[in-house]
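Asker: Numbering (the UniProt record's numbering), first residue to last: 1 to 319.
The C-beta atom is built at its ideal place from N, Cα and C for all residues, glycine as well.
What follows is the structure, given as structure tokens:
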């Protein structure tokens with residue numbers, strides 16, 4: 001297992017290095033000049049050149065890359081060109097909203113998907129199975145930004161249960177926590193619907209495959225109830241593909257907040273990326289994109305470790 005961990009960690013580091021090179025090259029070759037955008041179209045070429053030199057934009061790309069990597073390793077991500085504040089502070093401030101939003105969306109995704117997937121599998125080829133799979137097909141076809149607008153119209157405009165957007169921050173005490181979570185319910189639900197529909201179909205297929213195994217028939221022959229067999233024996237053995245998809249979905253939820261945060265006007269990481277792209281604030285965009293790439297790699301690494309926890313029969317060489 002130690003050899004397995006070493007190999008996986010080496011792969012993680014190599015992937016992060018490759019991702020950093022790709023992210024830097026793609027953003028570095030984009031047209032436009034941050035200094036020109038900051039000063040406006042009427043600025044003189046001399047003023048633009050002076051600001052570009054001050055921001056380090058006149059340095060060779062290789063030098064800027066190594067300066068960026070050194071900053072990543074030391075926690076010094078530089079200062080935003082548009083906001084004039086440290087990039088690390090901006091990211092941490094926005095993550096205080098985006099991370100809870102992604103976690104709540106992932107919890108909703110998991111609960112909905114497991115209930116729908118297991119229920120559909122237990123009613124295989126019956127009306128309940130066909131109906132639930134039809135709903136998941138609709139869920140996959142619905143764009144999350146369009147579903148977000150529908151949620152606003154229903155729960156904010158008509159019923160007035162939730163606010164249509166905005167986030168007042170995490171207040172003090174349980175009341176402040178509840179108000180913060182309440183503001184994230186509709187955005188999280190709009191993110192979770194599509195992901196839950198996909199995960200439910202994966203769960204159903206995995207559960208149906210396990211239900212054909214001999215140990216399931218043995219459990220039923222011993223007189224165990226259907227619910228105990230499904231949730232106590234079948235589901236755990238079907239979790240390998242489910243956990244794999246869940247890992248990818250959590251990373252997708254982090255990236256998917258860009259659209260939803262703009263719909264609900266939430267000051268999260270997604271909105272920061274959107275605004276920074278518009279401002280040509282590449283130092284912020286670069287670090288935010290690298291953060292999302294690192295999350296994808298790290299989540300996949302954690303999923304690999306969970307395989308052995310879920311199914312002890314698996315060896316490191318099998319994963």
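Taking the alpha helix (DSSP H) that residue 139 belongs to, which residues open and close that run?
Answerer: Element bounds for residue 139: 127-141.
Asker: What does the Cβ neighbour count give for residue 124, buried or exposed, with the cut at 16 atoms within 10 Å?
Answerer: Flag for residue 124 reads exposed.
Asker: Spatial neighbours of residue 16 within its chain, please: CB distance less than 8 angstroms, with the 5 preceding and 5 following residues excluded, ordered by chain position.
Answerer: Closer than 8 angstroms at Cβ, skipping near neighbours: 293, 294 and 297.
Asker: Buried or exposed for residue 187, please, with buried defined as at least 16 other CB atoms from any protein chain shown within 10 angstroms of its CB.
Answerer: Looking at its Cβ environment, which holds 16 or more other Cβ atoms inside 10 Å, residue 187 is buried.
Asker: Which residue wins for smallest C-alpha separation from residue 110, given the options 239, 165, 182 and 94?
Answerer: Comparing Cα positions, the closest option is 239.
Asker: Thinking C-beta only, is residue 299 closer than 7 angstroms to residue 251?
Answerer: Closer than 7 angstroms, so yes.
Asker: Reducing DSSP to helix, strand and coil, say where residue 100 ends up.
Answerer: If DSSP states are grouped into helix, strand and coil, residue 100 belongs with the helices.
Asker: Please name the residue or residues paired with residue 86 in a DSSP beta bridge.
Answerer: In DSSP, residue 86 forms a bridge with 79.
Asker: Just verifying my parser: in three-state terms, what is the DSSP assignment at residue 124?
Answerer: Coil at residue 124, not helix or strand.
Asker: Quick one: any contact between the region 181-201 and the region 67-79, if contact means 3 or more CB pairs under 8 angstroms?
Answerer: They do not touch, by the three-pair rule.
Asker: Give the straight-line distance between the Cα atoms of residue 272 and residue 144, rounded to the nearest whole angstrom.
Answerer: Computed Cα separation, rounded: 19 angstroms.
Asker: Under a three-way DSSP split, which group does residue 95 fall into?
Answerer: Here residue 95 sits in helix by DSSP.
Asker: Can you tell me the Cβ-Cβ gap for residue 303 and residue 243, rounded? I've got them flagged as a contact below 8 angstroms.
Answerer: Confirmed, Cβ separation roughly 6 angstroms.
Asker: Determine the burial state of residue 63: buried for a count of at least 16 other Cβ atoms within 10 Å of its Cβ, exposed for fewer.
Answerer: Classification for residue 63: exposed.
Asker: Would you identify the three-state DSSP class for residue 160, choosing helix, strand or coil?
Answerer: In this structure, residue 160 counts as coil in the three-state DSSP scheme.
Asker: In or out: residue 68 buried (at least 16 other Cβ within 10 Å) or exposed?
Answerer: Residue 68 is buried by the Cβ-count criterion.
Asker: Applying the criterion that 16 or more other CB atoms from any shown protein chain within 10 Å of the CB defines a buried residue, is residue 283 buried or exposed?
Answerer: Buried is the call here.
Asker: Below 8 angstroms CB to CB, which residues in the same chain sit around residue 164 once its five sequence neighbours on both sides are set aside?
Answerer: Contacts found: 152, 156, 157 and 264.
Asker: Rounded to a whole number of angstroms, what is the C-alpha to C-alpha distance between residue 142 and residue 221?
Answerer: About 42 angstroms.
Asker: Any contact of the region 86-93 with the region 172-192, i.e. 3+ C-beta pairs under 8 angstroms?
Answerer: Short answer: they don't touch.
Asker: Relative to the alpha-carbon of residue 167, which residue among 254, 183 and 173 has its alpha-carbon at the smallest distance?
Answerer: Residue 167 has its Cα closest to that of 183, out of 254, 183 and 173.
Asker: Have a look at 275, 22 and 245 and flag the residue whose alpha-carbon is nearest the alpha-carbon of residue 259.
Answerer: The shortest Cα separation from residue 259 among 275, 22 and 245 belongs to 275.
Asker: How would you call residue 9, buried or exposed, if buried means at least 16 neighbouring beta carbons within 10 angstroms?
Answerer: Classification of residue 9: exposed, given that the 10 Å Cβ count is below 16.
Asker: On the DSSP letters alone, give me the boundaries of the alpha helix (DSSP H) that residue 322 sits inside.
Answerer: Past the boundaries of the shown model lies residue 322; the chain is included only from 1 to 319, so the question cannot be answered.
Asker: Quick check on residue 316: does DSSP put it in helix, strand or coil?
Answerer: Its pLDDT being 49, under 50, residue 316 is placed unreliably in this model, and the value from its coordinates should be taken loosely. Three-state result, residue 316: helix.
Asker: Here's the rule I'm using: 16 or more other beta-carbon atoms within 10 Å means buried, otherwise exposed. How should residue 44 be labelled?
Answerer: Classification of residue 44: exposed, given that the 10 Å Cβ count is below 16.
Asker: Pop quiz: residue 200 and residue 136 are said to be a contact at Cβ under 8 angstroms. What is the actual Cβ separation, rounded to whole angstroms?
Answerer: Their Cβ separation, rounded to whole angstroms, is 5 angstroms, which keeps residue 200 and residue 136 in contact under 8 angstroms.
Asker: If residue 247 sits next to residue 98, beta carbons under 8 angstroms apart, how far is it from one beta carbon to the other, in whole angstroms?
Answerer: That pair is no contact at about 18 angstroms.
Asker: Let me confirm a value: residue 189 is counted as buried when at least 16 other C-beta atoms fall within 10 Å, else exposed. Which label applies?
Answerer: Per the 10 Å Cβ criterion, buried.
Asker: Hey, would you say residue 132 sits closer than 7 angstroms to residue 116, going by beta carbons?
Answerer: Taking 7 angstroms as the Cβ cut-off, residue 132 and residue 116 qualify as a contacting pair.
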